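Have a look at the structure below before the remarks.
Residue numbers (my numbering), protein chains in the order written: chain C, 24 to 132; chain F, 26 to 140.
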């Protein structure tokens with residue numbers, strides 16, 4: 024069974040601080056995606072990483088895929104209240120997508 | 026709009042009732058996924074369609090759950106004889122390509138409450 028673990032489960036920080044959240048699996052995935060979900064809405068894709076060791080930047084967000092394609096991290100620089108939400112990683116294969124349990128981030132003004 | 030839509034947005038059912046949840050994917054999207062999401066948790070995979078073919082239904086919790094996509098567009102998730110543990114948000118997502126590698130576009134979900 025393929026499983027994804029995320030840590031921390033909850034994170035509450037002050038505006039302007041930096042943070043890193045992690046996604047780990049015992050299995051290799053063909054691709055790994057990060058989504059952000061706000062209450063009452065469906066998840067929205069932030070980034071897809073495919074190649075081991077890949078690093079992608081999206082404004083203040085930096086995503087890294089581990090060399091073995093089993094783990095990933097999301098680093099946010101100078102967090103803003105608008106970054107508040109549930110951050111989900113998802114591993115994709117041909118016929119299914121497995122989501123992690125998420126990291127609930129709260130950025131306090 | 027041109028996004029994924031789901032109906033109803035909210036559904037309250039008495040235990041034992043049957044319910045049907047509808048998903049209208051983005052036009053032309055080949056892949057369609059259903060997920061179940063408990064409060065504060067990540068979405069749990071239920072089933073995957075590629076056009077009208079149901080390629081994976083390994084996530085359906087029991088034989089009370091049934092999904093179909095007869096013409097390769099609109100999909101319906103049916104739950105028979107609902108139980109309290111079925112209470113959750115049911116999310117539908119579609120993607121342009123085949124497989125789970127591609128960006129998925131999610132609907133807002135249907136919140137099911139079973140009393």
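Every residue, glycine too, gets a C-beta built ideally from N, C-alpha and C.
Predicted model, so just to flag it, every value in this text is computed and none were measured.
For residue i, tell me which candidate among the options has the shortest Cα-Cα distance.
i	options	result
residue 87 of chain F	F:102, F:54, F:27, F:67	F:102
residue 67 of chain F	C:119, C:89, C:109, C:86	C:109
residue 95 of chain C	C:57, C:104, C:36, C:32	C:57
residue 84 of chain F	F:106, F:59, F:52, F:64	F:59
residue 88 of chain C	C:98, C:72, C:102, C:103	C:72
residue 77 of chain C	C:90, C:102, C:29	C:90
residue 30 of chain C	C:50, C:107, C:111	C:111
residue 40 of chain F	F:94, F:109, F:120	F:109
residue 94 of chain F	F:38, F:32, F:48, F:29	F:48
Along the chain, where does the beta strand (DSSP E) that runs through residue i open and close?
i	result
residue 83 of chain F	Element bounds for residue 83 of chain F: n/a, residue is neither H nor E.
residue 47 of chain C	42-48
residue 93 of chain F	90-93
residue 139 of chain F	135-139
residue 225 of chain F	Shown here, chain F extends from 26 to 140; a query on residue 225 of chain F therefore has no answer.
residue 70 of chain C	67-72
residue 90 of chain C	Unbroken run through residue 90 of chain C: none, as it is neither H nor E.
residue 131 of chain C	126-131
residue 114 of chain F	113-120
residue 57 of chain F	56-62
If residue i and residue j are in contact, beta carbons under 8 Å, what's the gap, nearest whole angstrom?
i	j	result
residue 27 of chain C	residue 48 of chain C	5 Å
residue 123 of chain C	residue 46 of chain C	6 Å
residue 65 of chain C	residue 116 of chain F	5 Å
residue 131 of chain F	residue 120 of chain C	About 11 Å; that fails the 8 Å criterion.
Which same chain residues, not among the five before or five after residue i, have their C-beta less than 8 Å away from its C-beta?
i	result
residue 34 of chain C	42, 44, 126, 127, 128, 129
residue 36 of chain F	44, 46, 135, 136, 137, 138
residue 123 of chain F	55, 56, 75
residue 51 of chain C	91, 92, 93
Got a sec? Which residues, its chain only, sit under 6 Å from residue i by beta carbon, not counting five neighbours each side?
i	result
residue 73 of chain F	58, 80, 81
residue 140 of chain F	39
To which residues of the same chain is residue i closer than 7 Å at the C-beta, ignoring the five residues directly before and after it?
i	result
residue 62 of chain C	none
Closer than 9 Å between beta carbons: that is the criterion. Which residues of the region 105-127 of chain C meet it against chain F? 109, 111, 112, 113, 114, 115, 116, 117, 118, 119, 120, 121, 122, 123, 124, 125, 127
For the region 40-55 of chain C, which residues have a CB atom closer than 7 Å to at least one CB atom of chain F, in sequence order? 53, 54
Positions along the region 66-78 of chain C whose CB lies within less than 9 Å of some CB in chain F: 66, 67, 68, 71, 73
What are the residues of the region 118-129 of chain F that lie near chain C, defined by any Cβ-Cβ distance shorter than 9 Å? 118, 123, 124, 125, 126, 127, 128, 129
Please identify, using Cβ separations under 8 Å, the residues of the region 77-110 of chain F that lie next to chain C, in order along the chain. 80, 81, 83, 84
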